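Asks:
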Amino acid sequence: MKTYKIALIKGDGIGPEIIDEATKVLDAVASCFDFDFKYEEVLMGGCAYDETGDPLPQETITAALNSDAVLFGAIGGEKWDNLPREKRPESGLLRFRKELGVYANLRPAVVYDELVNASSLKPEVVSGVDLMVVRELIGGIYFGEPKGRDENKGWNTMVYTKDEIVRIAHNAFNIAMERSKRVCSIDKANVLDVSQLWRETVEEVAKEYPDVELTHMYVDNAAMQLIRDPKQFDVMLTGNIFGDILSDEASMLSGSIGLLPSASVGAKIGVYEPIHGSAPDIAGQGIANPIATISSASMMLRYALGENEAADRIDAAVKRALKEGYRTQDLAQYDAKEVCSTSEMGSIIANYTAK
Ligand code: NAD
Ligand code: IPM
Ligand code: MN
1 MKTYKIALIK GDGIGPEIID EATKVLDAVA SCFDFDFKYE EVLMGGCAYD ETGDPLPQET
61 ITAALNSDAV LFGAIGGEKW DNLPREKRPE SGLLRFRKEL GVYANLRPAV VYDELVNASS
121 LKPEVVSGVD LMVVRELIGG IYFGEPKGRD ENKGWNTMVY TKDEIVRIAH NAFNIAMERS
181 KRVCSIDKAN VLDVSQLWRE TVEEVAKEYP DVELTHMYVD NAAMQLIRDP KQFDVMLTGN
241 IFGDILSDEA SMLSGSIGLL PSASVGAKIG VYEPIHGSAP DIAGQGIANP IATISSASMM
301 LRYALGENEA ADRIDAAVKR ALKEGYRTQD LAQYDAKEVC STSEMGSIIA NYTAK
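Once you know that position 180 of the sequence shown is 180 in full-length UniProt numbering, the rest is easy, because the numbers rise by one and skip nothing.
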């Protein structure tokens with residue numbers, strides 16, 4: 001029997017609630033196959049700061065590097081918003097991604113047939129949407145120097161080196177080869193020098209993928225097109241901040257941000273995390289949607305552990321729960337047969353996974 005070592009980072013807010021449901025489902029799927037999981041729970045974010053004075057203790061990095069994969073919930077909350085920047089939960093997360101070297105954040109946005117009515121857009125606009133945001137994760141304006149602030153001025157710098165653009169572009173093209181062979185690269189090349197380099201470099205990399213159709217779009221137009229006609233997109237290749245924003249926008253095609261998973265990859269160890277945050281407004285109430293995290297666990301099985309059949313089982317169980325009309329509160333007004341709590345939804349999906 002194989003044992004996979006998973007570093008588990010629950011984090012803050014709804015983080016612990018949603019991770020508990022993901023491990024429930026992982027244990028259920030393990031019971032169907034010849035493997036199991038050994039979880040090592042470590043701290044990151046506000047809870048880590050409260051415990052150790054550091055939002056990213058060294059122990060967490062070590063545990064991640066000694067694992068087969070990291071499953072992460074979410075961090076952050078008002079309690080820590082006024083700490084010095086480097087002590088903030090968000091800084092811990094950014095440092096974590098950088099330390100691990102996970103430069104490619106894959107954020108699939110799929111509209112389930114069962115939820116076409118759940119989007120704030122018309123069913124005919126969203127039905128059949130299946131796109132992938134490939135977001136550069138450890139560069140751009142999040143990390144560029146100089147950055148800082150004084151009383152009257154604040155500054156950040158958007159920087160990309162050619163090498164950083166080349167490597168994320170390869171990810172996007174390789175993913176497109178497995179999908180509909182279309183990449184739309186999103187930038188602001190009409191205004192930003194960094195975007196001009198981005199566009200030229202993506203063009204160069206595209207020459208190695210003659211079967212993939214490459215288009216470019218300015219980010220402001222892309223934000224509009226995503227709402228106007230999302231089905232025009234297959235792979236959306238973006239820098240760090242544009243991808244952050246566009247993927248939250250894309251989540252509303254599916255009906256709830258509580259549905260969108262992600263994989264942060266590109267290094268030896270990957271981080272599997274929902275795209276949403278710690279949702280302080282609903283934390284502790286048992287109403288968060290655990291599906292984004294459960295689907296992130298499925299991505300972990302697929303990308304990190306090569307357990308595709310197990311991942312398929314989880315994906316099918318999620319679809320079945322939605323088809324049967326089970327809904328957490330975020331989706332309760334749409335074709336719900338039964339409104340369930342976070343843990344009820346986790347148990348239903350775990351049951352369907354095991355059966
Ligand atoms: P958020 O994603 O936490 O919440 C936005 C809205 O979506 C809220 O109304 C929330 O209730 C809802 N929501 C989010 N996840 C949900 C789920 N699973 N089920 C149902 N509803 C859900 O974004 P925010 O409110 O802007 O940020 C809150 C905190 O989270 C901040 O501290 C922020 O920095 C942090 N954050 C962390 C991450 C992360 O850990 N990866 C990502 C985004 C934001
Ligand atoms: C995300 C979050 C993070 C980001 C924050 C919390 C640092 O919004 O994972 O999307 O901007 O990358
Ligand atoms: Mn975000």
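No residue lacks a Cβ here, since even glycine has one placed at the ideal position from N, Cα and C. Source: prediction; values computed, not measured.
Compute the minimum distance between the beta carbon of residue 196 and the heavy atoms of the ligand NAD, and state whether it is under 8 Å.
Replies: The residue given as residue 196 occupies position 196 in the sequence shown. Not so, every heavy atom of the ligand NAD lies at least 8 Å from the Cβ.
Asks: Quick one, which of 31, 196, 240 has its alpha-carbon nearest residue 103's?
Replies: As a first step, residue 103 must be located in the sequence shown, where it is residue number 103. When only C-alpha atoms are compared, the closest one is 240.
Asks: Could you tell me the distance, in whole angstroms, from the CA atom of residue 83 to the CA atom of residue 269?
Replies: Within the sequence shown, residue 83 is the residue found at index 83, counting from 1. Within the sequence shown, residue 269 is the residue found at index 269, counting from 1. When rounded, the distance between both Cα atoms is 29 Å.
Asks: So what's residue 242 in DSSP terms, helix, strand or just coil?
Replies: Within the sequence shown, residue 242 is the residue found at index 242, counting from 1. Helix, per DSSP.
Asks: Can you grab the Cα-Cα spacing for the pair residue 183 / residue 216, in whole Å?
Replies: What you label residue 183 is simply residue 183 of the sequence shown in a count that begins at 1. What you label residue 216 is simply residue 216 of the sequence shown in a count that begins at 1. Between residue 183 and residue 216, the C-alpha separation is close to 8 Å.
Asks: May I ask you to report which of helix, strand or coil DSSP gives residue 317?
Replies: As a working mapping, residue 317 is identified with position 317 in the sequence shown. Here residue 317 sits in helix by DSSP.
Asks: Which residue comes first and which comes last in the alpha helix (DSSP H) that contains residue 228?
Replies: One-based indexing of the sequence shown puts residue 228 at position 228. Residue 228 -> alpha helix (DSSP H) spans 219 to 228.
Asks: For residue 247, verify whether its CB is less than 8 Å away from any heavy atom of the ligand NAD.
Replies: As a working mapping, residue 247 is identified with position 247 in the sequence shown. At a threshold of 8 Å, residue 247 does not count as near the ligand NAD, since its beta carbon sits no closer than that to any of the ligand's heavy atoms.
Asks: Is the beta carbon of residue 189 closer than 9 Å to that of residue 198?
Replies: Taking the sequence shown and counting its residues from 1, one reaches residue 198 at position 198. Taking the sequence shown and counting its residues from 1, one reaches residue 189 at position 189. Result yes, Cβ atoms of residue 198 and residue 189 sit closer than 9 Å.
Asks: Please give me, in chain order, every unbroken run of the alpha helix (DSSP H) with length at least 4 that falls completely inside the segment 239 to 279.
Replies: The segment 239 to 279 contains these whole alpha helix (DSSP H) runs: 240 to 254.
Asks: Compute the minimum distance between the beta carbon of residue 333 and the heavy atoms of the ligand NAD, and state whether it is under 8 Å.
Replies: Reading the sequence shown from its first residue, position 333 is the one you call residue 333. No, the ligand NAD has no heavy atom inside 8 Å of this Cβ.
Asks: Answer with buried or exposed for residue 329, where buried requires no fewer than 16 other C-beta atoms within 10 angstroms of its C-beta.
Replies: The count along the sequence shown starts at 1 and reaches residue 329 at position 329. It counts as buried.
Asks: Check the DSSP bridge columns for residue 132 and list the partner residues they point to.
Replies: Position 132 of the sequence shown, counted from the start, is the residue given in the question as residue 132. Residue 132 is bridged to 108, 235.
Asks: For the segment 151 to 166 against the segment 225 to 237, are there 3 or more C-beta pairs whose distance is under 8 Å?
Replies: no
Asks: Helix, strand or coil for residue 40? Go by DSSP, reduced to three states.
Replies: By one-based count along the sequence shown, residue 40 stands at place 40. Three-state DSSP puts residue 40 in a strand.
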